[in-house]
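Residue numbers (full-length UniProt numbering): 1 to 186.
Positions of the beta carbon are idealized from the N, C-alpha and C atoms, including for glycine.
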Amino acid sequence: MIRKNPSGDLPTIAESAYVDKTAIICGKVVIGENVFVGPYAVIRADEVDASGEMEAITIGANSNIQDGVVIHSKSGAAVTIGEFSSIAHRSIVHGPCVVGDRVFIGFNSVLFNCVVGNGCVVRHNSVVDGRDLPDAFYVPSTTRIGPTTDLTQFPPVSVSASEFSEDVARTNVDLVRGYKALQNEF
1 MIRKNPSGDL PTIAESAYVD KTAIICGKVV IGENVFVGPY AVIRADEVDA SGEMEAITIG
61 ANSNIQDGVV IHSKSGAAVT IGEFSSIAHR SIVHGPCVVG DRVFIGFNSV LFNCVVGNGC
121 VVRHNSVVDG RDLPDAFYVP STTRIGPTTD LTQFPPVSVS ASEFSEDVAR TNVDLVRGYK
181 ALQNEF
């Protein structure tokens, strides 16, 4: 469902993107070329700041927002997902938040008030809250990173983790093409 927010903003969705019919895209949302938005995802830009303004939620080209993901923002803050990034099933990205290019966010993970650098891998069931992650940073499954977490205890992203991330992004770009081809059959 594509709909306006109370401020009257409508989403802008690239023609080449695929948005599942069960997804909800509301308000000041910009979805780039070849983006995949899976079933039951919710991308909602509808809250405003104290002056009545809001920034957009932007999904970069060739990224994928998988089944059941929620992307929202507090008080009109921006959320930006870079290019070739994957937000896996049932994750929450709550603004203010920036996710760089070629990032993988694993199942059920939560991001809030943070910047996740380019090439990062955040594995399943992890939380990043109030702490920015540098480029090529690796967060193991079930890890909680907060404002005082010592980041030196974590290894850099391995080659295999980067390859996995790239494969997920590539697979979802292929899915966009496949689902776009099927759209006219129903």
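Check                                                                                                                                                       : Outcome
Can you give the Cα-Cα distance for Pro147 and Gln183, rounded to whole angstroms?                                                                          : 45 Å
At what residues does the beta strand (DSSP E) containing residue 192 begin and finish?                                                                     : Absent from the structure is residue 192, since the part of the chain shown begins at 1 and ends at 186.
When the distance is taken between beta carbons, is Asp135 closer than 8 Å to Asn113?                                                                       : no
So, Ile57 versus Gly32, is the Cβ gap smaller than 8 Å?                                                                                                     : no
Name the DSSP bridge partner or partners of Ser73?                                                                                                          : Gly95
Go to Gly27, then tell me how far its beta strand (DSSP E) extends in each direction, as first and last residue.                                            : Ile24 to Gly27
DSSP puts Thr12 in a beta bridge; with which residues?                                                                                                      : Val30
What's the C-alpha gap between Asp46 and Gly130?                                                                                                            : 22 Å
If you run the structure through DSSP and keep just helix, strand and coil, what is Arg170?                                                                 : helix
Using C-beta distances below 7 Å, list every residue in its chain close to Asn108, excluding the 5 sequence neighbours before and after it, in chain order. : Arg90, Ser91, His124 and Asn125
In terms of alpha-carbon separation, which member of Asp150, Val139, Met54 and Asn34 lies closest to Lys180?                                                : Asn34
Give the DSSP bridge partners of Asp129, in chain order.                                                                                                    : Phe112
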